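K.L.:
Okay, here's the structure, questions in a sec.
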Ligand code: ACO
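Residue numbers (our numbering): 33 to 353.
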């Protein structure tokens, strides 16, 4: 028997308001055609003032708990991956804890931007396997619309708001179910290519997203293909063994180029970038929840998660559902 972190349930939440490219083009100098051709994005959800990273995260968490058949009191660990917390402190994880009514447990945030969910998943996996908790909520939740410069058409058309959550449970298993491998990376020398130009310790303001799109694109394809190769080698499996890839949903062209590099057929890739845009740390668990709920991802499937974001940071995970 092996103690592993098992995927016990998934959930997600999207803001009420959905904005199409055509609606965006009424306030920004852009077009549906440009956005679709360069990114594959058609819609994004934008949070209203009463919808925050913590409220969206809590809604996703409640769904994931229900899917796992667990109560808030069963949870011993809550990790929220976010670059857009409700407040500088306390951690959004403690706000989620209060909103779902979970009693005393471990709760903290992880900041790794778009790869935050992979970082949080890897930390939760380690903590569950060393006995820190029996059940964990791992949440990616973002309100990127709050840190977009709506005058900058090169960035504001790319992002959306939302949250996704998973419940992981530590279980002794005789088969290969659960998280089988995770790999994380960071190269801080590239922080200037994708960053927010503000913060509590520098400007004292929240700041806006700034990005060198072409450079990010180039690094994303190289790093994602490389880290996917690493995790598959860790588990001794090849692209042919993968049932589903759930990639970070930044740009359809990045997803296509990475898949092509690895010889992964497009029909095995979960795509949500068309309707959610880039929801940063929320994109992987949001896409995962969608594919679980519509029946594509089933018990026994081998799935691979990957993401890359500001830092640069990137990572991947392989799990058997
Ligand atoms: N609408 C219309 N025109 C635009 C827009 C827009 N929203 N934005 C830029 N343009 C114009 C530019 O001004 C430029 O015009 P010019 O040639 O007259 O100067 C032209 O379009 C081409 O601009 P580029 O920046 O060269 O366009 P590119 O083909 O590189 O596409 C994009 C830009 C989509 C951002 C691309 O570089 C990309 O996908 N990069 C990856 C970035 C990304 O996905 N980041 C997400 C966060 S990181 C992550 O999650 C991995």
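Cβ atoms here follow ideal geometry from the backbone N, Cα and C, with glycine treated the same way. All figures in this text were calculated on a predicted structure; none of them were measured in a lab.
In chain order, which alpha helix (DSSP H) runs of at least 4 residues are fully inside the segment 248 to 328?
P.N.:
Runs found: 284 to 294, 305 to 308, 315 to 325.
K.L.:
So what's residue 242 in DSSP terms, helix, strand or just coil?
P.N.:
It is a strand residue.
K.L.:
Buried or exposed: residue 321, going by 16 or more other Cβ atoms within 10 Å of its Cβ?
P.N.:
It counts as buried.
K.L.:
DSSP on residue 340, reduced to helix/strand/coil?
P.N.:
Looking at residue 340 - three-state DSSP - the assignment turns out to be strand.
K.L.:
Suppose you measure from the CA of residue 36 to the CA of residue 279; what does that come to, to the nearest Å?
P.N.:
Residue 36 and residue 279: Cα-Cα distance of roughly 23 Å.
K.L.:
Going by the C-beta, is residue 53 closer than 7 Å to any heavy atom of the ligand ACO?
P.N.:
Residue 53: no, Cβ never under 7 Å from the ligand ACO.
K.L.:
Check whether the Cβ atoms of residue 150 and residue 314 lie closer than 8 Å to each other.
P.N.:
No, these two residues do not count as a Cβ contact at 8 Å.
K.L.:
Would the beta-carbon of residue 240 fall within 8 Å of that of residue 181?
P.N.:
In this structure, residue 181 lies closer than 8 Å to residue 240 by Cβ.
K.L.:
If you follow the beta strand (DSSP E) that residue 174 is in, where does it begin and where does it stop?
P.N.:
Looking at the DSSP string, the run of the beta strand (DSSP E) that includes residue 174 is 167 to 175.
K.L.:
Is the beta carbon of residue 78 within less than 7 Å of some heavy atom of the ligand ADP?
P.N.:
Of the ligands this structure carries, namely the ligand ACO, none is the ligand ADP.
K.L.:
Candidates 133, 61, 316, 77: which alpha carbon is nearest residue 341's?
P.N.:
Comparing Cα-Cα distances from residue 341 to each of 133, 61, 316, 77, the minimum goes to 316.
K.L.:
Spell out the partners DSSP gives residue 345 in its beta bridges.
P.N.:
Answer is 218, 341.
K.L.:
Relative to the C-alpha of residue 122, which residue among 164, 139, 311 is closest?
P.N.:
Ranking the options by Cα distance to residue 122, first place goes to 139.
K.L.:
From residue 243 to residue 190, what does the alpha carbon distance come to, in whole angstroms?
P.N.:
Taking the straight line from one Cα to the other gives about 11 Å.
K.L.:
Pull up the distance between the alpha-carbon of residue 136 and that of residue 83, whole angstroms please.
P.N.:
Taking the straight line joining both Cα atoms gives about 25 Å.
K.L.:
Between residue 41 and residue 198, is the Cβ-Cβ spacing less than 8 Å?
P.N.:
Yes, the Cβ-Cβ distance between residue 41 and residue 198 is below 8 Å.
K.L.:
So, under 8 Å CB-CB, residue 292 and residue 305 are touching, yes? Tell me the CB distance rounded to an integer number of Å.
P.N.:
Not a contact, Cβ separation roughly 16 Å.
K.L.:
Report the rounded CA-to-CA distance for residue 355 versus residue 221, giving the unit in angstroms.
P.N.:
Lying before the first or after the last residue shown, residue 355 is absent from the chain, which here runs from 33 to 353.
K.L.:
Using the Cα positions of residue 52 and residue 319, report the straight-line distance between them to the nearest angstrom.
P.N.:
About 19 Å.
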